[in-house]
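Protein chains in written order, with this note's numbering: chain A, 1 to 235; chain B, 236 to 524.
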């Protein structure tokens, strides 16, 4: 298993958000986390990265990472594309990408990955010397995904990559995510409001309600599940 | 005219020193949004270390570089030991810690070295250069300032560590997500600021002489410089430093007299805060509510 969560509780201060999340995903797979606003999807991702106080068990490649610091978790190969994209707005596009590879020591491979990322997103190459804050929303989302890729991660956590993007841009982005998964074997855990798109991309998924996993299964089964269809696919 | 030129050049020399210390203030401010009131006393204390080393027979430049290294380590240690525990404390608590550091360094220095004013040597030769306009120490101080600025620029602009420090100051959360150890970046920032401060101290000491209160005035000018430039802008702080140095000298010599020189800094501080609180090169922070 690439990632395993067992009975994960988490919250902010006195507010409990997660009440025992159980979830697992395999190497090279794509998983979707579905759920309404406030269900705890983002908090689940933050718990994996050690950004909130958690109880329970979080294993990455078999190793318990719950007590590790965020920066050490990143160095293990988990790249988080956070809610709001986490762009370094006052740095240039290329500086953002170089920061993505900050923890890596293999310079030739970093240079190759930079080429590869520019290959996926030629727009970023055109804007490499531009301040990241001046990029459009779509370009910033591409930059956030690219910055995560520069870590050469085993697992990417994507928090609403489609948020605020035009449908065409979303389609392009998801296409590239699929390519990245197929070419580089990067596992992906995807949080999405856009359940139809997410289940299209993912191999498997689970539905979170008020901090608990209420349903999980293959993407195909979830798409056909009546409750999921009514609540999240809207038909 | 001659006299004016002389005052402007001398102003640039002290201005460079203010610029260095202002830069140290800005570095800490960018990372923590706090003004380190102890920056001046830290510089003063490390200048005393240089004095001890030189008195023990060490050649000037060896003592200079060793002092810069000691100041760097001291800055890092202070951040790790004293500042880190109050990282999440309310702003006032941290300010109190800064003021405590100021008093501690001031008193400890007085206790070790006494309050008697001491001479501090200049590494530059006696005779003036540029005719009679600029003493060679003043010219040397300008040169040293420019070298420090160039090194800092190169460090922050061209090295991965410098980039990581800028990133950590701007966006700590995203920095952690790419594996940057943000806590250490802060400590490094303190180390660098203390090192820059020690250079400023060693450059100003031959002019104002060495005593535990020597940096009080300098820190005030540095505050004024940082504010003129916009407290979040390193280039502004440098420009502000030179500007304040020249203004102080020219106004002191021709307009208000030497006794009232320090009030120039105060007038600048109040004036900037009233008219343009973000400084002349600073970024205006707009928050949507």
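Heads up, the beta-carbon is just placed ideally off N, CA and C, and yes, glycines get one too.
- Using a 10 angstroms sphere on the CB of residue 494/B, the tally of other CB atoms stays under 16, which defines it as exposed.
- Using beta-carbon distances, residue 398/B counts as an interface residue toward chain A, with a partner under 8 Å.
- Annotated three-state conformation of residue 247/B is helix, per DSSP.
- Remark: C-beta atoms of residue 312/B and residue 321/B do not approach each other more closely than 8 Å.
- Residue 413/B has a beta carbon lying within less than 8 Å of a beta carbon in chain A.
- Boundaries of the alpha helix (DSSP H) harbouring residue 377/B: 371-393, taken from the DSSP string.
- Scanning the region 309-363 of chain B for uninterrupted alpha helix (DSSP H) segments of 4 residues or longer gives 326-348, listed from N- to C-terminal end.
- Scanning 290/B, 447/B, 429/B, 422/B for the CA closest to the CA of residue 351/B turns up 447/B.
- Here the region 71-91 of chain A lies against the region 399-416 of chain B, with 3 or more beta-carbon pairs under 8 Å apart.
- Looking only at 133/A, 227/A, 25/A, the smallest Cα-Cα distance to residue 92/A is reached by 133/A.
- DSSP lists 15/A as the beta-bridge partner residues of residue 12/A.
- Annotation for residue 357/B: 372, 441 place their beta carbon closer than 6 Å to its own, counting only its chain and skipping 5 residues before and after.
- Nearest to residue 257/B by C-alpha distance, out of 486/B, 498/B, 433/B, is 433/B.
- A Cβ-Cβ separation of about 5 Å places residue 40/A in contact with residue 18/A under the 8 Å criterion.
- The straight-line gap separating the alpha-carbon atoms of residue 490/B and residue 499/B is approximately 11 Å.
- The beta carbons of residue 459/B and residue 415/B sit no closer together than 8 Å.
- Note on geometry: alpha-carbon atoms of residue 79/A and residue 473/B lie some 38 Å from one another.
- At a cut-off of 8 Å between C-beta atoms, residue 60/A does not count as an interface residue with respect to chain B.
- Every alpha helix (DSSP H) of 4 residues or more that sits fully in the region 475-521 of chain B is shown, in chain order, as 496-510.
- Straight through space, the alpha carbons of residue 454/B and residue 464/B are spaced by roughly 15 Å.
- Membership of residue 200/A in the alpha helix (DSSP H) is indicated by the continuous run 195-201.
- Collapsing the DSSP output to three states places residue 146/A in a helix.
- Closest in C-alpha terms to residue 201/A, from the list 209/A, 182/A, 64/A, 235/A, comes 182/A.
- At least one CB of chain B lies nearer than 8 Å to the CB of residue 147/A.
- Per DSSP, residue 56/A is one residue of the beta strand (DSSP E) stretching across 53-60.
- When Cβ-Cβ separations below 8 Å define contact, residue 405/B makes contact with chain A.
- Closer than 8 Å to the CB of residue 91/A there is at least one CB belonging to chain B.
- Every beta strand (DSSP E) of 3 residues or more that sits fully in the region 103-164 of chain A is shown, in chain order, as 155-159.
- Excluding the 5 residues flanking it on each side, residue 251/B has same chain C-beta neighbours closer than 8 Å at 376, 377, 379, 380, 381, 438, 476, 477, 480, in chain order.
- Of all residues in the region 48-75 of chain A, those with a C-beta nearer than 9 Å to a C-beta of chain B are 49, 50, 51, 69, 70, 71, 72, 73, 74, 75, reading in chain order.
- Here the alpha carbon of residue 267/B sits roughly 11 Å from the alpha carbon of residue 467/B.
- At a beta-carbon threshold of 7 Å, the residues of chain B lying near residue 100/A are 413, ordered along the chain.
- Shortest Cα-Cα distance from residue 302/B to any of 471/B, 456/B, 427/B involves 427/B.
- With the rule of 3 Cβ pairs closer than 8 Å, the region 112-119 of chain A does not count as touching the region 153-166 of chain A.
- For residue 416/B, the C-beta contacts it makes with chain A under 7 Å involve 71, in order along the chain.
- Secondary structure of residue 269/B (DSSP, three-state): coil.
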